[in-house]
Amino acid sequence: MKTVRRTLAAAALLSGFAAAAQAQMTPVGTWRTFDDSTGQPKSEVVITENNGVLTGHVEKLLRPGADPNELCTNCPGDRKGKPMVGLEIIRGAKKAGHLNVWEDGYILDPQKGSTYALELTPANDGQQLQVRGSYGPFSRTQTWTRVK
Numbered sequence: 006m007k008t009v010r011r012t013l014a015a016a017a018l019l020s021g022f023a024a025a026a027q028a029q030m031t032p033v034g035t036w037r038t039f040d041d042s043t044g045q046p047k048s049e050v051v052i053t054e055n056n057g058v059l060t061g062h063v064e065k066l067l068r069p070g071a072d073p074n075e076l077c078t079n080c081p082g083d084r085k086g087k088p089m090v091g092l093e094i095i096r097g098a099k100k101a102g103h104l105n106v107w108e109d110g111y112i113l114d115p116q117k118g119s120t121y122a123l124e125l126t127p128a129n130d131g132q133q134l135q136v137r138g139s140y141g142p143f144s145r146t147q148t149w150t151r152v153k
């Protein structure tokens, strides 16, 4: 009887760890972005989910000397002239079937004012996020790290 209890307890514990690990395999959370040229932290982006659709906004600017009141002068449409802090840079991404990939959304590069097709893929047990932006046949992938 003790062996059965221990086995059940061990199974429950492992199941809990697996559920916690799976919960991290999502883009939802706070992420640190990095400058492609210098590798230095650039910003923190918070990604949220509402009815299966992801959005992400800039929570904090981390670039040295960044003006917390900076406006997005290069942004198109409804984001033009909006403050960088709070700016929605991810729109419309949805989970791709059973895979740990979110796609069909768009990401904005506020420095350039360009919008790219988006694919998000959690990696490294959910501690990193592969952020792939594409424009036609051209694409680039950045790796963001989860903020604890």
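For the sequence shown, the numbering used here begins at 6 and goes up steadily by one. We put the beta carbon where it would ideally sit given N, CA and C, even for glycine.
Q: Quick one: measure Cβ to Cβ for L66 and S48, integer angstroms, because I've assumed they're closer than 8 Å.
A: 5 Å
Q. Where E93 and F39 are concerned, what is the direct C-alpha to C-alpha distance, given to the nearest angstrom?
A. 17 Å
Q.
On the DSSP letters alone, give me the boundaries of the beta strand (DSSP E) that Q135 sits inside.
A. 133-140
Q: Kindly indicate which three-state DSSP category Q45 falls into: helix, strand or coil?
A: coil
Q. Are the CB atoms of G131 and A122 nearer to each other than 9 Å?
A. no
Q: With a 10 Å radius around its C-beta and 16 neighbouring C-beta atoms as the bar for buried, classify V50 as buried or exposed.
A: buried
Q) Using the beta-carbon count (16 or more within 10 Å), is R145 buried or exposed? A) exposed
Q) Can you list, in chain order, the residues of its chain whose CB lies under 7 Å from that of N105, leaving out five sequence neighbours each side? A) M30, T126, P127
Q. V58 lies in the beta strand (DSSP E); which residues open and close that run?
A. 58-66
Q | Closest Cα partner of T150 within the set V136, I95, P142 | A | V136
Q. Would you call T12 buried or exposed, if buried means 16 or more other Cβ atoms sit within 10 Å of its Cβ?
A. Its pLDDT being 46, under 50, T12 is placed unreliably in this model, and the coordinates cannot settle the point.
**Q.** Simplified DSSP assignment, three categories, for A26
**A.** Annotation note: pLDDT 42 at A26 (below 50); position unreliable, no value reported.
Q. Taking the DSSP output, what are the residues bridged to T38?
A. S48
Q: Under 8 Å by Cβ, that's how I've got P46 and L134 pegged, so tell me the actual separation to the nearest angstrom.
A: Going by Cβ atoms, the distance from P46 to L134 rounds to 14 Å, so no, they are not a contact pair.
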